[in-house]
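Down below is the structure, laid out as structure tokens.
Number of protein chains: 4
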Amino acid sequence: MDLDAILKEIQEEIQKYFTKGKLPNYIPMLAQADESDFAMSIITLDGEEYHIGCSNKKFSIQSISKVFTFTLALEHYSKELYKRVGHEPSGDPFNSLVQLEYESGIPRNPFINAGAIVTTDCLASIFEDNAFNEILDFMKKVSGDQNISFDKNIFISELGHGFQNFALINLMKSYHNIKNPIDDVIQIYFKQCSIMMTTKQLAHSMLFLANHGKDPLTNESILNESKAKRINSLMLTCGHYDASGDFAYKVGLPGKSGVGGGIVAVVPKKMAISVYSPKLNVYGNSLIGTKALELFTTKTGLSIF
Amino acid sequence: MDLDAILKEIQEEIQKYFTKGKLPNYIPMLAQADESDFAMSIITLDGEEYHIGCSNKKFSIQSISKVFTFTLALEHYSKELYKRVGHEPSGDPFNSLVQLEYESGIPRNPFINAGAIVTTDCLASIFEDNAFNEILDFMKKVSGDQNISFDKNIFISELGHGFQNFALINLMKSYHNIKNPIDDVIQIYFKQCSIMMTTKQLAHSMLFLANHGKDPLTNESILNESKAKRINSLMLTCGHYDASGDFAYKVGLPGKSGVGGGIVAVVPKKMAISVYSPKLNVYGNSLIGTKALELFTTKTGLSIF
Amino acid sequence: MDLDAILKEIQEEIQKYFTKGKLPNYIPMLAQADESDFAMSIITLDGEEYHIGCSNKKFSIQSISKVFTFTLALEHYSKELYKRVGHEPSGDPFNSLVQLEYESGIPRNPFINAGAIVTTDCLASIFEDNAFNEILDFMKKVSGDQNISFDKNIFISELGHGFQNFALINLMKSYHNIKNPIDDVIQIYFKQCSIMMTTKQLAHSMLFLANHGKDPLTNESILNESKAKRINSLMLTCGHYDASGDFAYKVGLPGKSGVGGGIVAVVPKKMAISVYSPKLNVYGNSLIGTKALELFTTKTGLSIF
Amino acid sequence: MDLDAILKEIQEEIQKYFTKGKLPNYIPMLAQADESDFAMSIITLDGEEYHIGCSNKKFSIQSISKVFTFTLALEHYSKELYKRVGHEPSGDPFNSLVQLEYESGIPRNPFINAGAIVTTDCLASIFEDNAFNEILDFMKKVSGDQNISFDKNIFISELGHGFQNFALINLMKSYHNIKNPIDDVIQIYFKQCSIMMTTKQLAHSMLFLANHGKDPLTNESILNESKAKRINSLMLTCGHYDASGDFAYKVGLPGKSGVGGGIVAVVPKKMAISVYSPKLNVYGNSLIGTKALELFTTKTGLSIF
């Protein structure tokens, strides 16, 4: 399989979609992205890399961070975490309060905002004041790259406009499913969303999930096999909000998207993939990113189904 | 009709209910009320007064404040207010986020928490920094009593435990239905809930609503007739959260309850009534207060139906 | 008060609204009504009658029948009825299944379709095969007119298009809140909706509710005072589906509307009113009928508030 | 991998769970199953078979039929089918009307009851009076076994107790998402649920989905590769009602359960599996069947993640 050729074909075939989709407007800083940006990176378990487009350009990872904070929390805290956040698809948009209210403050899964906020609250309980640094260190470890930080302007922009997330965290607090002070947790949460990474770094960061929990390049164990498989299953069933079924249907790979325009995905036992393009489809996922991944599994036959 | 005798009968007949109901526990300060307290006050349009029990004891008016802030806002701001808050029963408990989310941040009516917060936001737009003082002055005017203030400890207690109200206001802000800074609005809101009044003061304060908008004792016009009638209709259909139908069914008078244990009601063109007893029924309304009003309309035949 | 003059004024002032509203299209037979029809009838407790427009024209009473079947069931069956149907506003459109599903098959009140179907099921339990005849006889008694029947074509039209009502009754059957065979109950229900009456007959039929349960012209007791008041309260809080608050707000009288274009209302202790005009507003209530009643209470000051 | 040994281990390890779970009680006929029954069948793409327990005992396939009717409809009718039924997890129990009402009669996916009923309606449009025979013939073809029929008693039992399904189909009819007469469609639907099969027959029937649409034993193409993969993805995200995430999380294979106690699953490109045990867990899926499949993927490492 000539992955370089396939990436070139994908790049050509997605050109016609650049007129479609929209930049997110609810966070002013994200609305300033360059609409013509596109990058795609593939890293195989034996360390071969394939990149196309602006694969060294940093963008804010937003909800992709949920995969990593959940991994980190699961490692330290799995028993309590399983009680405080579910693992079922939500069937509702990503910031729905309805489900939370009907289900007493227990989010459906860790990949909707409410679930990720509970996960961050767990990390705040474990690491206390050092929680965000631990998250950043974890990102550096899994990406094999020390050059990772968050963007202060995006962080401040989110803090000033994240009313729905404030609503979610207050509602969960009223159900006693947030243990730390709201302001502390929400700050860590918005910081993790504001982490800036390239598709190259993100593809590397997902390798341990493609390899049953172990980084194939360093051989370091990040998570045990059973937990790694469960995260993949969660990405497949819940990774794209209320378009998760559609993504599973059309792409057929475990993956996670962020409103910053990034998507990560894994082909179990084979490779990790990351794609970036900032304009979003109606579900809040990168329009071109989704198309690129669809083309990828069609061309390679590498769906898990 | 011998109202003194009727009040005495009511006081006797409610004795058996003092074992029932529960103090609210979500605001610690309210949980400290004296469970055996009971007071009832009636003031007729021609100024006759009838009181029984601790009718000079102050308690926090809580949601009863919604009637007065809505009156004040309606006087200054009716056109915009009608767009930003509805006038239909909600069919949901008093702090439901579900309805707000399905209806784009427009609360069903001004007597559920969300609607009252929007109302307070309107007052913050009109009166700016002076908003709470204006509310307090309005209470002094309609009660004909300068001796009214809020309780700082209750206010602080609410501020520290009002997570659901913080969730509501943030959700509405995300739908652009809150114009002022969240912290400002919520502080005014919790202060108005913490206003301390007696049943005597509250009965006086409701006289203008029993008299088509005009205080019958001072002859001062508080609100025009059409608006006064509409507030009465709103109290009847929406004044008791999801037990509004039950209250209309059993009592048959426009009224408004608060979790502080107070209830106010009017007999149009005849009198205003206020009752206090701190233990609540399952709907969050004063259990004995509701019973007392039921007995009142049964004994007097003064239901509006 | 010159009610003849007031009716004339109303008739003039509503002319401009005839261009608005829409005939219902989900029941073909109802879509054939004459859009220009208008009638209004008032009968006072002492038997004075005031009519304007086509007050002898029959139209299908549709949901207005709910008031009468509930009265009849309450008389025979109140204890069980109170368990099987609530008395709270629903906050949802008239045929919502959502509320039923969340609340285990117990309808919120007897004036939404689900609640009226349960009421009819109660009548089927009491009167068995004779249930519809008993309903018809009751209508003849309260209207003081033997000339009342149902329209077979409308009945058949409803039976063939009433899929939402079939959905409701099946859902309630699954919760064991329907005791008789579905087909029997639904037939009685659609027959009662297809009863044809004039505004004159309907105004007469409501007199007992304006008079605390007793027909003021025959002095016959239809229902006891307490139950009669409760029906009035239910009409006020729940009589117009999710526009009940609006009707209470603007008209201020207990009333009940039907998609056939009729509305009935009472001024307690004074009079009964009926109005007819077939085009509906967005809530499914007669547009001109609602306007006419608004004008009526504005001109007479006869709101209950 | 010694699959015979693994099946034996599984059979031993599940013994302790026979005290748990409950037979379904809403369909009387299903409540008569033998609680101690257990069977598991595996057939690989090259035709090797492994069976344990009562693998020749027939049970009613119930919702497993949804996989096959959807396959059959997709083959003939995919364009229209995609418009009339979605492919997202529902996040609600299997017979929820709430979601249907909020989403205008379009079921979330073909594996909840509403979606399967729409699928059956499509088959009724294609095959008219012959629809159920076509379904039965399709089952015979994919199982390679002519000895398949439905159980009349179960069918009649379902018809007499399926009020929720009658509610669903009437609601969808009111949204014009059912084209054929309700009674015709519901009869075909209940017949397909009453089809009786063994785990052996079911395992064979799933082979084409494990093999990208082609029966590996006869080499006959049942469905094209892309559609076959999509059905697998749908089974993974939606195959187990509101426990679909849990099944994906713990088992990690595309699968579909039925309240008759059966579950089918595929290991893409490797094998098809079927398991039977009639007692259900709280989600309505075979308790022991689910456990057996969990043990299977743990022991073999054959999860798709």
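Chains as they are written, first to last, in my numbering: chain L, 67 to 371; chain X, 67 to 371; chain C, 67 to 371; chain B, 67 to 371. Just so you know, even glycine gets a beta-carbon here, dropped at the ideal spot from N, CA and C.
Cβ neighbour criterion (16 or more within 10 Å) applied to residue i
i	result
Q258 of chain B	buried
M67 of chain X	exposed
N122 of chain B	exposed
K86 of chain X	exposed
P247 of chain B	exposed
E194 of chain X	exposed
D281 of chain C	buried
K316 of chain L	buried
E360 of chain B	buried
Q81 of chain C	exposed
K149 of chain X	exposed
G279 of chain C	buried
Where the alpha helix (DSSP H) through residue i begins and ends
i	result
S323 of chain X	Counting along the chain, S323 of chain X falls outside any alpha helix (DSSP H), though it belongs to the beta strand (DSSP E) covering 321 to 323.
G355 of chain C	353 to 366
V330 of chain B	Counting along the chain, V330 of chain B falls outside any alpha helix (DSSP H), though it belongs to the beta strand (DSSP E) covering 328 to 333.
Y315 of chain X	310 to 316
H117 of chain B	Element bounds for H117 of chain B: not the alpha helix (DSSP H) but the beta strand (DSSP E), 115 to 119.
V164 of chain C	164 to 168
M67 of chain X	From DSSP, M67 of chain X is part of no alpha helix (DSSP H); its letter is neither H nor E.
I183 of chain C	179 to 193
T137 of chain L	131 to 150
M95 of chain X	From DSSP, M95 of chain X is part of no alpha helix (DSSP H); its letter is neither H nor E.
H42 of chain C	Nothing in the structure corresponds to residue 42 of chain C, since chain C is present only between 67 and 371.
K265 of chain X	Residue identity check: residue 265 of chain X is Thr in the sequence provided, not Lys. Residues 265 to 276.
V208 of chain X	197 to 209
I297 of chain L	291 to 304
Residue span of the beta strand (DSSP E) that contains residue i, given as start and end
i	result
Y255 of chain C	First-last for Y255 of chain C: 248 to 259, but that is the alpha helix (DSSP H), not the beta strand (DSSP E).
M337 of chain C	337 to 342
M106 of chain B	105 to 110
Between the CA atoms of residue j and residue i - distance to the nearest angstrom
i	j	result
S129 of chain L	V341 of chain L	14 Å
A180 of chain C	P94 of chain B	27 Å
L273 of chain L	T265 of chain L	13 Å
L275 of chain X	V333 of chain X	9 Å
L96 of chain L	F256 of chain L	13 Å
N243 of chain X	V184 of chain X	7 Å
E169 of chain L	G228 of chain X	19 Å
N219 of chain L	A182 of chain L	21 Å
N175 of chain X	K335 of chain B	58 Å
N277 of chain L	E114 of chain L	14 Å
L346 of chain B	S223 of chain B	19 Å
T363 of chain X	T110 of chain X	15 Å
E146 of chain B	S162 of chain L	30 Å
Test: residue i CB closer than 8 Å to a CB of chain A
i	result
T303 of chain L	No chain A appears in the structure shown, which is made up of the protein chains L, X, C and B.
Other residues of its chain near residue i: CB distance less than 8 Å, five sequence neighbours each side excluded
i	result
I254 of chain C	T186, L189, A190, A197, F198, I201
L353 of chain X	Y83, K86, G87, S343, K345, L346, N347
D100 of chain B	P344
Other residues of its chain near residue i: CB distance less than 6 Å, five sequence neighbours each side excluded
i	result
K322 of chain X	I130, V133, M301, G305, V330
Same chain, Cβ closer than 7 Å to residue i, neighbours up to 5 away in sequence not counted
i	result
D42 of chain X	Since the first and last residues shown for chain X are 67 and 371, residue 42 of chain X lies out of range.
P173 of chain L	V151, G152, L166, A180, G181, V184
Y143 of chain X	C188, I192
V371 of chain X	In the sequence on display, residue 371 of chain X carries Phe and not Val. Closer than 7 Å at Cβ, skipping near neighbours: G318.
The ligand MN heavy atom lying under 7 Å from the CB of residue i
i	result
M337 of chain X	What this structure holds is no ligand at all, so the ligand MN is not there to describe.
**Study point:** the segment 309 to 316 of chain X contacting the segment 321 to 330 of chain C, beta-carbon criterion three pairs below 8 Å
**Key:** Touching, no, given that fewer than three Cβ pairs across the two stretches are closer than 8 Å.
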